[in-house]
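Asks: Going line by line, the protein sequences match chains A and B. Position one of the first sequence corresponds to residue 1 (the UniProt record's numbering), numbered consecutively onward. Position one of the second sequence corresponds to residue 1 (the UniProt record's numbering), numbered consecutively onward. Idealized CB from N, CA, C, for every residue including glycine. Fair warning: this is a prediction, and the values are worked out from it, not measured in the lab. Provided herewith is a single structure, encoded as structure tokens, for subsequent inquiry.
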Amino acid sequence: MVIQKQEAFLDKLAATLGRERRTEGVERPIWSVSPQLEVYQGFDQDDLVDVLEKQCAIIHTDFRRTDKAGLANVLKEVIIGYEGKSIIVAKDPRNKDYGLDGFYEKLQQVGREVHEWDATKGKENQVFAERADIGINFSDMTLAESATITLFNNKDNGRSISLLPRTWIAIIPKSTLVPRMTQVAKHIHEATQQGHAVSSCVSFISGPSNSADIEMNLIVGVHGPIKVTYIVVD
Amino acid sequence: MSLKISSGSFENRVQRGVENDFMRQAVSSAQGRFKSGRLNAAAELGNWEDWRTLGEEIRTHTLENIDYYLQQLSEQVFKRGGHVFFAETAEEANEYIKDVIKKKNGKKVVKSKSMVTEEIGLNKALQEAGVEVVETDLGEWILQLDDDVPSHIVTPALHKNKEQIRETFAEKKGYDKSDKPEELALFAREQLRKDFLSADIGITGCNFAIAESGAVTLVTNEGNARLVTSLPDTQITVMGMERIVPTWEEMEVLVSLLTRAAVGQKLTSYITAITGTRLEGEVDGPEEYHLVVVDNGRSKILGTEFQSALHCIRCAACINVCPVYRHVGGHAYGSIYPGPIGAVITPLLDGYEDHKELPYASTLCAACTEACPVKIPLHELLIRHRQIIVEENKTSKIEKLAMKGFAKWASTPAAYKISAKMARPALKPWTKDETIKNGPGPMKGWTDIRDFPAPSRQGFRDWFKDRDKGGDA
Numbered sequence: 001m002v003i004q005k006q007e008a009f010l011d012k013l014a015a016t017l018g019r020e021r022r023t024e025g026v027e028r029p030i031w032s033v034s035p036q037l038e039v040y041q042g043f044d045q046d047d048l049v050d051v052l053e054k055q056c057a058i059i060h061t062d063f064r065r066t067d068k069a070g071l072a073n074v075l076k077e078v079i080i081g082y083e084g085k086s087i088i089v090a091k092d093p094r095n096k097d098y099g100l101d102g103f104y105e106k107l108q109q110v111g112r113e114v115h116e117w118d119a120t121k122g123k124e125n126q127v128f129a130e131r132a133d134i135g136i137n138f139s140d141m142t143l144a145e146s147a148t149i150t151l152f153n154n155k156d157n158g159r160s161i162s163l164l165p166r167t168w169i170a171i172i173p174k175s176t177l178v179p180r181m182t183q184v185a186k187h188i189h190e191a192t193q194q195g196h197a198v199s200s201c202v203s204f205i206s207g208p209s210n211s212a213d214i215e216m217n218l219i220v221g222v223h224g225p226i227k228v229t230y231i232v233v234d
Numbered sequence: 001m002s003l004k005i006s007s008g009s010f011e012n013r014v015q016r017g018v019e020n021d022f023m024r025q026a027v028s029s030a031q032g033r034f035k036s037g038r039l040n041a042a043a044e045l046g047n048w049e050d051w052r053t054l055g056e057e058i059r060t061h062t063l064e065n066i067d068y069y070l071q072q073l074s075e076q077v078f079k080r081g082g083h084v085f086f087a088e089t090a091e092e093a094n095e096y097i098k099d100v101i102k103k104k105n106g107k108k109v110v111k112s113k114s115m116v117t118e119e120i121g122l123n124k125a126l127q128e129a130g131v132e133v134v135e136t137d138l139g140e141w142i143l144q145l146d147d148d149v150p151s152h153i154v155t156p157a158l159h160k161n162k163e164q165i166r167e168t169f170a171e172k173k174g175y176d177k178s179d180k181p182e183e184l185a186l187f188a189r190e191q192l193r194k195d196f197l198s199a200d201i202g203i204t205g206c207n208f209a210i211a212e213s214g215a216v217t218l219v220t221n222e223g224n225a226r227l228v229t230s231l232p233d234t235q236i237t238v239m240g241m242e243r244i245v246p247t248w249e250e251m252e253v254l255v256s257l258l259t260r261a262a263v264g265q266k267l268t269s270y271i272t273a274i275t276g277t278r279l280e281g282e283v284d285g286p287e288e289y290h291l292v293v294v295d296n297g298r299s300k301i302l303g304t305e306f307q308s309a310l311h312c313i314r315c316a317a318c319i320n321v322c323p324v325y326r327h328v329g330g331h332a333y334g335s336i337y338p339g340p341i342g343a344v345i346t347p348l349l350d351g352y353e354d355h356k357e358l359p360y361a362s363t364l365c366a367a368c369t370e371a372c373p374v375k376i377p378l379h380e381l382l383i384r385h386r387q388i389i390v391e392e393n394k395t396s397k398i399e400k401l402a403m404k405g406f407a408k409w410a411s412t413p414a415a416y417k418i419s420a421k422m423a424r425p426a427l428k429p430w431t432k433d434e435t436i437k438n439g440p441g442p443m444k445g446w447t448d449i450r451d452f453p454a455p456s457r458q459g460f461r462d463w464f465k466d467r468d469k470g471g472d473a
């Protein structure tokens with residue numbers, strides 16, 4: 001790795017600002033207002049689920065709610081609805097915690113392909129994801145305000161799962177709900193200050209891909225998934 | 001392409017815009033939708049003015065300390081396995097990127113929409129070097145197939161209708177279906193998927209780089225930027241040097257302002273923050289990563305009375321409320337940055353010589369300043385441009401002559417009196433029902449797009465003299 005032409009470039013900026021280079025000691029000021037902290041203050045987890053559900057309708061996302069015991073059934077219904085013959089899922093310890101490992105095995109027994117992301121298989125994962133009907137992820141943090149799933153992508157949870165398949169399902173443990181992006185930003189900022197490396201890709205996903213590039217008509221489904229379902233698990 | 005997109009005169013460009021009925025209709029309808037989206041999103045928050053204040057404070061602090069934050073960013077990108085190149089000029093940036101591609105023996109580049117790469121003319125530079133470049137944003141792809149230029153910074157193909165798009169797809173890509181937007185988009189998805197899977201290099205712009213951790217945030221709806229950053233093994237981010245924030249916390253605030261101000265969304269479908277190369281064991285993401293930080297004239301704005309223009313977060317809210325843009329469209333500005341913000345920054349980045357008309361392409365109604373989510377005083381900056389243009393004698397000879405003539409005429413009471421009296425009879429042949437719809441000579445420019453009221457029977461001076469006698473109100 002190399003950094004090139006930095007010194008002359010930054011010296012020039014300092015000079016145009018009429019001062020010496022600043023290389024240390026710059027602190028963020030205390031901002032005069034912080035409206036972002038006020039959004040949905042005092043809301044409990046169930047209130048936030050209500051906010052999420054309302055926003056789902058706006059972003060063309062199907063919303064389901066169930067509990068741990070009912071998850072496999074709801075998932076099955078959504079998979080059938082999406083005509084999912086091939087499915088790609090993250091290698092996530094929550095698959096087991098939520099009893100989905102057995103469910104995925106059963107799906108395979110009835111002739112559906114289920115691929116769990118496997119870092120040792122390299123690009124094969126992408127190839128499978130590209131032809132998969134459905135990708136499935138657990139949400140790491142969920143933003144109620146904008147109905148956004150946050151994924152901290154890593155070697156067991158590839159970016160392709162939520163991107164390449166035709167449709168996508170996000171499982172949302174109710175405990176992952178926060179009011180808005182503010183809380184995720186704070187979490188990452190604090191982790192960074194403590195010296196933790198941030199994930200190579202943090203994905204904030206709000207429903208299916210879309211575009212308004214043709215005569216300002218909203219087209220749902222462009223490069224990313226065309227249909228999306230969220231399943232909130234109590 | 002570069003910053004400047006036309007060699008024709010400003011008057012000719014305006015004329016073409018005014019005569020393009022479809023474009024004017026499309027722009028007018030888009031402006032309405034964008035504007036109501038922004039206002040609804042702002043109203044929903046309730047305290048939009050506080051958000052704008054916070055946005056302005058963040059941008060001001062960051063630009064005041066830009067050298068510090070750029071150094072922090074570059075160190076963090078380096079730590080995460082990335083290369084960083086600081087480019088003073090467009091040519092330096094393009095040369096560096098060409099060199100990276102050459103070393104990787106790259107043949108095909110997939111790009112997601114980026115204004116800065118338009119500004120530096122990257123596509124042309126790469127194509128001249130024999131590299132295939134595919135724009136993957138739907139609007140940009142349409143323009144690329146048609147060899148056209150953007151007319152809006154958020155929806156670049158706003159000036160095209162679906163029938164034109166269908167024809168372009170048919171002619172260039174063998175498309176044989178209808179002009180339904182969904183079918184057109186599905187066709188683009190299928191075609192571009194092949195390009196994503198076969199490209200060696202991905203190039204994106206940057207909405208906000210985060211200094212504290214070296215992340216680059218991309219704000220999109222279609223998902224193409226995610227594909228560009230996930231699939232090719234080499235990735236290059238090109239950022240205008242001012243597109244930076246101190247920490248994740250400021251990124252979050254500015255993204256909230258951007259998506260609301262731009263399209264009225266709480267967040268766009270995808271906000272993606274990528275950092276350096278893929279980590280050990282990861283499959284998606286690049287194995288080689290480059291960040292190119294571009295000055296290209298921006299430092300000339302720093303430390304001047306125009307510094308706040310660098311606060312711009314490219315939401316286009318000012319464009320979406322501008323009555324002049326509404327009538328002339330994006331191409332009339334002759335710059336890839338149209339509308340009020342374009343009229344402010346284009347002369348700063350590229351000099352007054354070719355763009356001295358732009359600060360006059362404004363009614364100074366201040367709707368732009370009011371719409372700006374980071375409170376850039378756009379109309380005041382436009383007035384300042386006009387002062388400089390006059391003070392530095394950059395106005396055209398004809399305008400100077402006209403101004404001289406006006407001064408002489410207006411300061412000669414007899415001449416003024418006669419012409420005020422003559423205005424109504426002189427314009428009679430063009431007057432119908434007290435309005436002029438198709439005026440002669442210099443009036444034509446006005447009446448081509450709106451009506452002009454016929455001069456009143458009684459001038460102000462006569463009315464003033466007669467007011468005690470109970471003259472016309």
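So what's A:I134 in DSSP terms, helix, strand or just coil?
Replies: Residue state, collapsed to three classes: strand.
Asks: According to DSSP, B:I236 sits in a beta bridge with which residue or residues?
Replies: Paired residue(s): B:I203, B:H290.
Asks: Mind checking B:A426: buried by the 16 CB within 10 Å criterion, or exposed?
Replies: B:A426 comes out exposed.
Asks: Which word fits B:F208, buried or exposed, when buried means at least 16 other C-beta atoms lie within 10 angstroms of its C-beta?
Replies: Per the 10 Å Cβ criterion, buried.
Asks: Which of the residues in the stretch 164-191 of chain B, read from start to end, lie with their CB under 8 Å from any CB of chain A?
Replies: Answer set for the stretch 164-191 of chain B: I165, P181, E182, L184, A185, L186, A188, R189.
Asks: Is A:N137 close to chain B, meaning its C-beta is less than 9 Å from at least one C-beta of that chain?
Replies: Cβ-Cβ to chain B under 9 Å: no for A:N137.
Asks: Can you name the residues of chain A whose CB is closer than 9 Å to the CB of B:R33?
Replies: The answer, in chain order, is A212, M216.
Asks: Using 9 Å as the threshold, is the C-beta distance between B:V109 and B:V77 below it?
Replies: No; because the gap between Cβ atoms is not below 9 Å, this pair is not in contact.
Asks: Suppose you measure from the CA of B:R384 to the CA of B:K300; what does that come to, to the nearest Å?
Replies: Between B:R384 and B:K300, the C-alpha separation is close to 16 Å.
Asks: Applying a beta-carbon distance threshold of less than 7 Å, which residues of chain B neighbour A:T148?
Replies: Here the neighbours are L267.
Asks: Pick helix, strand or coil for A:F63, following the three-state DSSP scheme.
Replies: In the structure shown, A:F63 sits in a strand (DSSP, three-state: E or B).
Asks: Taking 9 Å as the CB-CB limit, is A:G42 close to chain B?
Replies: Taking Cβ atoms only, chain B never reaches closer than 9 Å to A:G42, which makes this a no.
Asks: Any beta-carbon of chain B closer than 9 Å to the one on A:A185?
Replies: Answer yes: the Cβ-Cβ gap between A:A185 and chain B drops below 9 Å somewhere.
Asks: Which residue comes first and which comes last in the beta strand (DSSP E) that contains A:T167?
Replies: Start and end: 167-173.
Asks: Counting only beta-carbon separations shorter than 9 Å, does B:R226 have a partner in chain A?
Replies: Taking Cβ atoms only, chain A reaches closer than 9 Å to B:R226, which makes this a yes.
Asks: From B:E11 to A:E215, what does the alpha carbon distance come to, in whole angstroms?
Replies: C-alpha separation (whole angstroms): 27 Å.
Asks: Looking at chain B, which residues of the stretch 5-31 of chain A have a Cβ within less than 7 Å of any of its Cβ atoms?
Replies: From the stretch 5-31 of chain A, only K5, Q6, F9, L10, K12, L13, A14, T16, L17, G18, R21, R22, T23, V26, R28, P29, W31 have a Cβ closer than 7 Å to chain B.
Asks: Give me whichever residues DSSP pairs with A:T150 in a beta bridge.
Replies: A:M141, A:F204.
Asks: Using a Cβ cut-off of 9 Å, which residues of the stretch 197-209 of chain B contact any Cβ in chain A, in chain order?
Replies: Correct list: L197.
Asks: What did DSSP end up calling A:H189 once you bin it into helix, strand or coil?
Replies: Reduced to three states, the DSSP call for A:H189 is helix.
Asks: Can you grab the Cα-Cα spacing for the pair A:R180 / A:P208, in whole Å?
Replies: Taking the straight line joining both Cα atoms gives about 19 Å.
Asks: Span of the alpha helix (DSSP H) holding A:Y230?
Replies: A:Y230 -> not in any alpha helix (DSSP H); beta strand (DSSP E) instead, spanning 227-233.
Asks: Are at least three pairs of beta-carbons, each pair with one atom in the stretch 111-124 of chain A and one in the stretch 162-171 of chain A, less than 8 Å apart?
Replies: Taking 8 Å as the limit for Cβ pairs, the verdict is that the stretch 162-171 of chain A does not touch the stretch 111-124 of chain A.
Asks: Determine the direct distance from the alpha carbon of B:T220 to that of A:N210, and round the result to whole angstroms.
Replies: Roughly 9 Å between the two C-alpha positions.
Asks: Just the C-alpha distance for A:Q126 and B:E380, rounded to the nearest angstrom, thanks.
Replies: Distance between the alpha carbons of A:Q126 and B:E380 is about 52 Å.
Asks: Would DSSP call B:Q458 helix, strand or coil?
Replies: Coil.
Asks: Would you check if the distance between the CB atom of B:R314 and the CB atom of B:A42 is smaller than 9 Å?
Replies: No. Outside cutoff.
Asks: Please go through the stretch 254-311 of chain B and give each complete beta strand (DSSP E) segment of 3 or more residues, from N-terminal end onward.
Replies: If we require 3 residues or more, the beta strand (DSSP E) runs fully inside the stretch 254-311 of chain B come out as 270-275, 288-294.
Asks: Please work out which residues of its chain come closer than 7 Å, Cβ to Cβ, to B:Q9, disregarding the five sequence neighbours upstream and downstream, and give them in chain order.
Replies: The displayed chain sequence assigns Ser, not Gln, to residue 9 of chain B. Within the same chain, B:S9 has no close Cβ partners at all.
Asks: A:L75 lies in the beta strand (DSSP E); which residues open and close that run?
Replies: Note, A:L75: premise wrong, no beta strand (DSSP E); alpha helix (DSSP H) at 71-81.
Asks: Just to confirm the assignment, what range does the alpha helix (DSSP H) spanning B:H61 have?
Replies: It spans 48-64 - the alpha helix (DSSP H) in which B:H61 sits, taken as one unbroken run.
Asks: B:P453 bridges to which residues according to DSSP?
Replies: DSSP, once it has assigned bridges, lists B:T435 as partnering B:P453.
Asks: Is the beta carbon of A:S175 sitting closer than 9 Å to the one on A:T61?
Replies: No, these two residues do not count as a Cβ contact at 9 Å.
Asks: Out of B:L310, B:M403, B:N393, state which residue places its alpha-carbon closest to the alpha-carbon of B:P377.
Replies: Ranking the options by Cα distance to B:P377, first place goes to B:L310.
Asks: Does any residue of chain A have a CB that is nearer than 9 Å to the CB of B:R386?
Replies: False, the Cβ-Cβ gap to chain A never drops below 9 Å.
Asks: In terms of residue numbering, what span does the beta strand (DSSP E) encompassing A:E20 cover?
Replies: It is not in any beta strand (DSSP E) - A:E20 carries neither H nor E in the DSSP assignment.
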